[in-house]
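In the UniProt record's numbering, the protein residues as written are 1 to 819. Ideal Cβ placement from N, Cα and C applies to all residues, glycine included. Taking it in order: structure first as structure tokens, then the write-up.
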Amino acid sequence: MQPEVDRIAAPWGDRTPYGRGAVWPVRVDSYLEPGVTSDMVERWVPTASLLHSNGDAMDVAVAGGRIVGVRGRPGERVNHGRLGPKDLFGWQSNHASDRLTTPLVRKGGHLVPCRWDTAMDRIADRTRELMDDSGPGSIGFYTSGQLFLEDYYTLSVIARAGIGTNHLDGNTRLCTATAAESLKETFGCDGQPASFTDVDHADVIALFGHNMAETQPVLWMRVLDRLEGPHPPRLVCLDPRPTPVARCATVHLAPRAGTNVALLNALLHEIIRTDRIDRSFIEAHTVGFDELVEQVSDCTPAWAAGICDVPAGKITEAAEILGDTERLLSTVLQGVYQSHQATAAACQVNNLQLIRGMLGRPGCGVLQMNGQPTAENTRECGADGDLPGFRNWENDAHVEELARIWNVDPSRIPHYAPPTPAMQIFRYAEQGSIRMLWISGTNPLVSLPDLHRIREILGQERLFTVVQDLYATETAQLADVVLPAATWAEKTGTFTNADRTVHLSEKAVDPPGEARPDLDILLDFARRMDFRDRDGRPLVAWHDAESAFEAWKECSRGRPCDYTGLTYERLRRAGGIQWPCTGQSPDGTERLYTDGIRRAAPDDCETYGRDLVTGASVSETEYRALNPGGKAVLKAAEYVPPPETTDEKYPLQLTTGRTLYHFHTRTKTGRTPQLNRAAPEVWVELSASEAQRHGVAEGDLVEVTSPRGSVRGRLRITGIRDGLVFLPFHYGYWDTPAGHRPGAHGGRAANETTITDWDPVSKQPLFKTAVARLTLVERGEATACAAPTTTASAPVDPRHVPPTAGGPAAMAGQSGDPQ
Ligand SMILES: Nc1nc2c(c(=O)[nH]1)N[C@H]1C(S)=C(S)[C@@H](COP(=O)(O)OP(=O)(O)OC[C@H]3O[C@@H](n4cnc5c(=O)[nH]c(N)nc54)[C@H](O)[C@@H]3O)O[C@H]1N2
Ligand SMILES: Nc1nc2c(c(=O)[nH]1)N[C@H]1C(S)=C(S)[C@@H](COP(=O)(O)OP(=O)(O)OC[C@H]3O[C@@H](n4cnc5c(=O)[nH]c(N)nc54)[C@H](O)[C@@H]3O)O[C@H]1N2
Ligand SMILES: [Mo]
Numbered sequence: 001m002q003p004e005v006d007r008i009a010a011p012w013g014d015r016t017p018y019g020r021g022a023v024w025p026v027r028v029d030s031y032l033e034p035g036v037t038s039d040m041v042e043r044w045v046p047t048a049s050l051l052h053s054n055g056d057a058m059d060v061a062v063a064g065g066r067i068v069g070v071r072g073r074p075g076e077r078v079n080h081g082r083l084g085p086k087d088l089f090g091w092q093s094n095h096a097s098d099r100l101t102t103p104l105v106r107k108g109g110h111l112v113p114c115r116w117d118t119a120m121d122r123i124a125d126r127t128r129e130l131m132d133d134s135g136p137g138s139i140g141f142y143t144s145g146q147l148f149l150e151d152y153y154t155l156s157v158i159a160r161a162g163i164g165t166n167h168l169d170g171n172t173r174l175c176t177a178t179a180a181e182s183l184k185e186t187f188g189c190d191g192q193p194a195s196f197t198d199v200d201h202a203d204v205i206a207l208f209g210h211n212m213a214e215t216q217p218v219l220w221m222r223v224l225d226r227l228e229g230p231h232p233p234r235l236v237c238l239d240p241r242p243t244p245v246a247r248c249a250t251v252h253l254a255p256r257a258g259t260n261v262a263l264l265n266a267l268l269h270e271i272i273r274t275d276r277i278d279r280s281f282i283e284a285h286t287v288g289f290d291e292l293v294e295q296v297s298d299c300t301p302a303w304a305a306g307i308c309d310v311p312a313g314k315i316t317e318a319a320e321i322l323g324d325t326e327r328l329l330s331t332v333l334q335g336v337y338q339s340h341q342a343t344a345a346a347c348q349v350n351n352l353q354l355i356r357g358m359l360g361r362p363g364c365g366v367l368q369m370n371g372q373p374t375a376e377n378t379r380e381c382g383a384d385g386d387l388p389g390f391r392n393w394e395n396d397a398h399v400e401e402l403a404r405i406w407n408v409d410p411s412r413i414p415h416y417a418p419p420t421p422a423m424q425i426f427r428y429a430e431q432g433s434i435r436m437l438w439i440s441g442t443n444p445l446v447s448l449p450d451l452h453r454i455r456e457i458l459g460q461e462r463l464f465t466v467v468q469d470l471y472a473t474e475t476a477q478l479a480d481v482v483l484p485a486a487t488w489a490e491k492t493g494t495f496t497n498a499d500r501t502v503h504l505s506e507k508a509v510d511p512p513g514e515a516r517p518d519l520d521i522l523l524d525f526a527r528r529m530d531f532r533d534r535d536g537r538p539l540v541a542w543h544d545a546e547s548a549f550e551a552w553k554e555c556s557r558g559r560p561c562d563y564t565g566l567t568y569e570r571l572r573r574a575g576g577i578q579w580p581c582t583g584q585s586p587d588g589t590e591r592l593y594t595d596g597i598r599r600a601a602p603d604d605c606e607t608y609g610r611d612l613v614t615g616a617s618v619s620e621t622e623y624r625a626l627n628p629g630g631k632a633v634l635k636a637a638e639y640v641p642p643p644e645t646t647d648e649k650y651p652l653q654l655t656t657g658r659t660l661y662h663f664h665t666r667t668k669t670g671r672t673p674q675l676n677r678a679a680p681e682v683w684v685e686l687s688a689s690e691a692q693r694h695g696v697a698e699g700d701l702v703e704v705t706s707p708r709g710s711v712r713g714r715l716r717i718t719g720i721r722d723g724l725v726f727l728p729f730h731y732g733y734w735d736t737p738a739g740h741r742p743g744a745h746g747g748r749a750a751n752e753t754t755i756t757d758w759d760p761v762s763k764q765p766l767f768k769t770a771v772a773r774l775t776l777v778e779r780g781e782a783t784a785c786a787a788p789t790t791t792a793s794a795p796v797d798p799r800h801v802p803p804t805a806g807g808p809a810a811m812a813g814q815s816g817d818p819q
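Listed below in structure tokens is the structure:
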């Protein structure tokens, strides 16, 4: 192993191969800012990464009251010391010179600095006024997957029992709503079945619409190390782009965007036809097998080949690999969740695991992945469209239990209808029934679909908006009140990664200026509003992160996400622990469903489910008849074509997504020199033959236009499937170079082009299936496209494109186990 590596040029660092069932070797990655050596570090403060859902555990180096670097924690189950490029460099954005340092209020059309009292009073006054005049339904909250558990739980209590509004959701609706929904539909309840350690044991790893190499680089290092060791696993990849995952796959299926269900139904068809199924498992643990067999009976590989434009032989080959293995691990992410028929497709992956009996054993399971670092907590705490503790809003006993915990009357917790999904909250704001929207830790003016519309909604005079963020984002600039938040390493709290690992993240340094932890802001609001329980005591009875955590533990007791065995002290000593963690399982729980399905019984389940094609609710009576014994439900779905189809005017399919070096709307990674230099500007991906058809070449400035709007960027010719154009969605307008203006012809944000539409089951917006046309704006001549060359955007012809590298500024340490 080299002691130092340019982690922009080599994002995954050096290999430490290991064999099946062995322990993944330790490699400690570290980065200290120039001029700082480890003997100058005064303290190392434990936390985990807040720039993806992997939960990479790390120590923050502090010197002179500042963060000066990070290093991976060798003893942690998730990363064994490794860090990804965003983990290594991204903390520098904490120190950006344009952090918000005071609250701002709108005066005469401008945002001007003010005191905390002024800002908070303005919010509390408006809340009271609206509650009196229009009722709690006029107030909405749109939160995040990037705050901490303690923040979400507090917000959930404030919104649901304090104000009594049903309009509370997270940007998790754009992110992991389908993960949650597919787990509810199949297993009756949210909760990740598998564990990251399943990578150590699997013989086949199938990645469905998941570019793990770029979006969970440390988990991908684990896969790469297995691929180089004895008995390597085979990979199956379903993705229309030549991602690093696709390049390592034994079979890469690159379907037409929006056709996942057709492909998955054909895979199920083949596995059933060739009798590669586990009949005793199906019998013991599932219902619905006959309906599934019926649904996929005509879905031959030849049929799917016509729909997906994938050779039938490749589908058969994939089915053989998936069907023959003894240890199958599947992962699912946005290529499924944000594509057409999201929940229907995600459920077919669950079905694949179930009919093969691949669940609850080492190497066998499904990871319906999370994306954001704390999305799991948004879901658990009910700061999204769920009740806290995965409780069922239609089950009166669940609502009563919650009311008992909060000591309020059950009627105070809205449960007359399902909690309002984010896209509907924006719709209500558009129509004028929601008059106040409190946005925390998310930047909808870049991340929501169809930005033209979102700009109009948030720009309305009659809508009072509060934005709680670190920077003056595109969204903050339209707010009535802006609250400066402290973030990761400036505040204490817990969060939970995609395989249920809970980490404690400790405060390492003070926030800049008057910025305050999100929890303090919420507690301040609760105090000003004077919310009371039914005995007249404060509804929110906690005062800091640890006491909020203790309150949450009681709410989680007996639920699938049981935290009662955890304390801050235990997390401090042991590092990450997987929930459920109770008196009976003090060390946490590696896998769910090791001895059968546990949470699908009608009295226990989180939902009675929905029809996968129409989204129509299944009634309690129907569910009791379908699944009296609380087994897993094999839910079948027919393929239906995507809502937008290509035509003469819009001949290309359009999809959007991520690159390794940036996080979302770039508020952090755009302020990190090493990361921003690696991918400084928006680009457009097209295949070589499609480029030829359009008469455009690498480096040309092109415009991508959909029925909603357009984006301008330089062309990168890659191995993406023909007929598809890809835009990264990271680029907004806060650091716009000349020529890119919001809403103007040729914007910079991919969401100028995306559609206002969502999955009927999970209500997750469709970011990955639309149509567009592409036109030449200006020849590139000698100008190169700045898209990364190390990732899915690698050029097919690298000759005239400078390779992505970080140089001396990106050299990071890597070493074996220090002990
Ligand atoms: N570097 C980086 N890492 C991140 C993030 C980030 O912004 N940057 N964000 C985090 C978050 S919040 C999330 S949600 C995750 C997302 O992580 P991923 O889901 O891995 O990332 P995406 O790029 O959104 O989409 C994955 C793939 O879906 C493919 N795809 C598009 N349309 C279709 C389709 O119709 N069918 C199939 N099968 N595939 C399709 C795309 O080609 C793309 O490669 O990443 C997390 N990690
Ligand atoms: N076209 C297209 N659009 C997409 C996607 C796609 O693939 N394609 N993916 C979707 C997905 S999966 C996601 S998750 C969303 C992400 O979309 P957003 O949530 O809008 O993206 P971020 O840039 O992460 O916004 C988080 C905001 O919170 C602020 N923040 C960070 N830490 C803290 C904190 O501790 N406290 C507070 N108060 N604020 C903080 C950041 O500065 C930033 O402004 O985008 C979605 N939009
Ligand atoms: Mo996400």
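Quick one: is V540 buried, meaning 16 or more other Cβ sit within 10 Å of its Cβ, or exposed?
As a working mapping, residue 540 is identified with position 540 in the sequence shown. It is buried - the Cβ of V540 has at least 16 other Cβ atoms within 10 Å.
Please give me, in chain order, every unbroken run of the alpha helix (DSSP H) with length at least 4 that falls completely inside the stretch 615–681.
Considered as a whole, the stretch 615–681 harbours 620–626, 673–678 as its complete alpha helix (DSSP H) runs of no fewer than 4 residues, in chain order.
What does the alpha-carbon distance come out to for the pair M1 and G229?
As a first step, residue 1 must be located in the sequence shown, where it is residue number 1. As a first step, residue 229 must be located in the sequence shown, where it is residue number 229. When rounded, the distance between both Cα atoms is 15 Å.
Rounded C-beta distance between L766 and V704? I'm assuming under 8 Å.
Taking the sequence shown and counting its residues from 1, the one referred to as residue 766 is at position 766. Taking the sequence shown and counting its residues from 1, the one referred to as residue 704 is at position 704. Contact doesn't hold; Cβ gap of about 17 Å is too wide.
Kindly list the residues whose CB is nearer than 7 Å to the CB of R122, restricted to its own chain and excluding five residues on each side of it in sequence; keep chain order.
In the sequence shown, residue 122 corresponds to position 122, counting from 1. Contacts found: V105, V481.
Can you find a heavy atom of ligand 2 that lies under 7 Å from the Cβ of G657?
On the sequence shown, position 657 is the one that residue 657 refers to. Checking the Cβ of G657 against ligand 2 gives yes.
Out of curiosity, what's the CA-to-CA distance linking T316 and E270?
Locating residue 316 in the sequence shown gives position 316, where the first residue counts as 1. Locating residue 270 in the sequence shown gives position 270, where the first residue counts as 1. Each residue's Cα considered, the two are about 7 Å apart.
Drop a sphere of 10 angstroms on the beta-carbon of H167, count the other beta-carbons inside from all chains shown, and report buried for 16 or more, exposed for fewer.
For the purposes of this step, residue 167 is identified with residue 167 of the sequence shown, where counting begins at 1. Around the beta-carbon of H167, 16 or more other beta-carbon atoms lie within 10 Å, marking it buried.
Could you give the DSSP three-state label for Q819: helix, strand or coil?
Position 819 of the sequence shown holds residue 819. Caution applies to Q819, whose pLDDT of 46 falls short of 50 and renders its modelled position unreliable; the value that the coordinates give is listed next. Q819: coil per DSSP, three-state reduction.
List, from N- to C-terminal side, the beta strand (DSSP E) runs of 3 residues or more that fit wholly inside the stretch 4–86.
Those beta strand (DSSP E) runs which fall completely within the stretch 4–86 and span 3+ residues are 4–6, 28–32, 43–48, 57–63, 66–72.
Bridge partner(s) assigned by DSSP for V684:
Mapped onto the sequence shown, residue 684 falls at position 684. According to DSSP, V684 bridges with L715.
Near H80, which residues of its chain fall below 6 Å by C-beta distance, leaving aside the five closest residues on each side in sequence?
Within the sequence shown, residue 80 is the residue found at index 80, counting from 1. Counting only Cβ-Cβ distances below 6 Å, and skipping sequence neighbours, we find W24, V26.
Starting from the Cα of V293, find the closest Cα among D275, N377, A744, T494 and give me that residue.
For this step, residue 293 is matched to residue 293 along the sequence shown. For V293, the nearest C-alpha among the options comes from D275.
What are the boundary residues of the beta strand (DSSP E) that includes F208?
Here residue 208 refers to the residue found at position 208 when the sequence shown is read from its first residue. Unbroken beta strand (DSSP E) run through F208: 204–208.
With distances taken from CA atoms, which of F89, K553, G576, E622 is nearest G565?
Looking up residue 565 in the sequence shown gives position 565. Here the closest residue by C-alpha is K553.
Mind reading off the beta-carbon distance from T343 to E181? Whole number of angstroms is fine, and I expect it under 8 Å.
Residue numbering aside, residue 343 sits at position 343 when the sequence shown is read from its first letter. Residue numbering aside, residue 181 sits at position 181 when the sequence shown is read from its first letter. At roughly 5 Å, the Cβ-Cβ gap stays under 8 Å, so T343 and E181 are in contact.
For A805, the three-state DSSP class (helix, strand or coil)
For the purposes of this step, residue 805 is taken as the residue at position 805 of the sequence shown. In the structure shown, the three-state DSSP call for A805 is coil.
Thinking C-alpha only, which one of S280, F289, T804, I272 is nearest C299?
One-based indexing of the sequence shown puts residue 299 at position 299. Comparing Cα positions, the closest option is I272.
Quick check: the Cα distance between Q372 and A48, rounded to an integer number of angstroms?
Against the sequence shown, residue 372 aligns to sequence position 372. Against the sequence shown, residue 48 aligns to sequence position 48. Roughly 13 Å between the two C-alpha positions.
Along the chain, where does the alpha helix (DSSP H) that runs through G335 open and close?
Residue mapping note: residue 335 aligns to position 335 of the sequence shown, counting from 1. It spans 334–337 - the alpha helix (DSSP H) in which G335 sits, taken as one unbroken run.
Measure from the alpha carbon of L686 to the alpha carbon of each residue in L701, G719, T659, T754, then state which is nearest.
Numbered from 1 along the sequence shown, position 686 holds the residue referred to as residue 686. The shortest Cα separation from L686 among L701, G719, T659, T754 belongs to G719.
Rounded to the nearest angstrom, what separates A194 and E129 at their Cα positions?
Walking along the sequence shown from the start, residue 194 turns up at place 194. Walking along the sequence shown from the start, residue 129 turns up at place 129. Approximately 47 Å, taken between the alpha carbons.
Between G371 and ligand 3, is there a pair consisting of the residue's CB and a ligand heavy atom that are separated by less than 7 Å?
Taking the sequence shown and counting its residues from 1, one reaches residue 371 at position 371. Proximity of the beta carbon of G371 to ligand 3 is indicated: a heavy atom of the ligand is located closer than 7 Å.
Checking 8 Å against the spacing of the C-beta atoms, do D499 and L367 come in under that value?
By one-based count along the sequence shown, residue 499 stands at place 499. By one-based count along the sequence shown, residue 367 stands at place 367. The answer is yes: Cβ separation under 8 Å.
Shortest alpha-carbon distance to R455 belongs to which of F426, G55, A61?
Residue mapping note: residue 455 aligns to position 455 of the sequence shown, counting from 1. Of all alpha-carbon atoms in F426, G55, A61, the one lying nearest the alpha-carbon of R455 is that of F426.
With burial defined as no fewer than 16 other Cβ atoms inside 10 Å of the residue's Cβ, what is the status of R573: buried or exposed?
As a working mapping, residue 573 is identified with position 573 in the sequence shown. Burial call: exposed.
Expected contact under 8 Å - CB spacing of V5 and Q814 to nearest Å:
Position 5 of the sequence shown, counted from the start, is the residue given in the question as residue 5. Position 814 of the sequence shown, counted from the start, is the residue given in the question as residue 814. Contact between V5 and Q814 holds, since their C-beta atoms are separated by about 6 Å, short of 8 Å.
Is any non-hydrogen atom of ligand 2 found closer than 7 Å to the C-beta of Q341, if you look at the structure I gave you?
Locating residue 341 in the sequence shown gives position 341, counting from the first residue. Q341 has its CB no nearer than 7 Å to any heavy atom of ligand 2.
Excluding the 5 residues preceding and the 5 following G19 in the sequence, name in chain order all residues of the same chain whose CB lies nearer than 6 Å to its CB.
As a working mapping, residue 19 is identified with position 19 in the sequence shown. Within the same chain, G19 has close Cβ partners G229, P230, H231.
To the nearest angstrom, how far is the alpha carbon of V45 from that of N94?
In the sequence shown, the residue the question calls residue 45 occupies position 45. In the sequence shown, the residue the question calls residue 94 occupies position 94. Their Cα atoms are separated by approximately 15 Å.
Give me the residue from S339, Q460, V36 with the minimum Cα distance to P255.
Sequence index remark: in the sequence shown, residue 255 carries index 255 (1-based). With distances taken between Cα atoms, P255 lies closest to S339.
Where P419 falls, given that 16 or more other Cβ within 10 Å makes a residue buried
Here residue 419 refers to the residue found at position 419 of the sequence shown. By the 10 Å Cβ count, P419 comes out buried.
Going by DSSP in three states, Y471 sits in which element: helix, strand or coil?
Taking the sequence shown and counting its residues from 1, the one referred to as residue 471 is at position 471. In the three-state scheme derived from DSSP, where H, G and I count as helix and E and B as strand, Y471 is classed as strand.
Close Cβ partners of H398 (< 6 Å) along its chain, the five nearest in sequence each way excluded:
Within the sequence shown, numbered from 1, the residue matching residue 398 stands at position 398. Within its own chain, the residues whose Cβ lies closer than 6 Å to the Cβ of H398, once the five positions on either side in sequence are excluded, are R391, N392, listed in chain order.
Would you grab the beta carbon distance between A600 and G630 for me? Rounded to a whole angstrom, and I think it's under 8 Å.
In the sequence shown, counting from the first residue as 1, residue 600 sits at position 600. In the sequence shown, counting from the first residue as 1, residue 630 sits at position 630. A600 to G630, Cβ: 4 Å. Contact.
Could you name the residues of the same chain whose beta carbon sits closer than 7 Å to that of L322, not counting the 5 residues immediately before and after it, in chain order?
As a first step, residue 322 is located in the sequence shown; it is residue number 322 there, counting from the start. The residues are V204, A206, V236, L267, I271, L328, L352.
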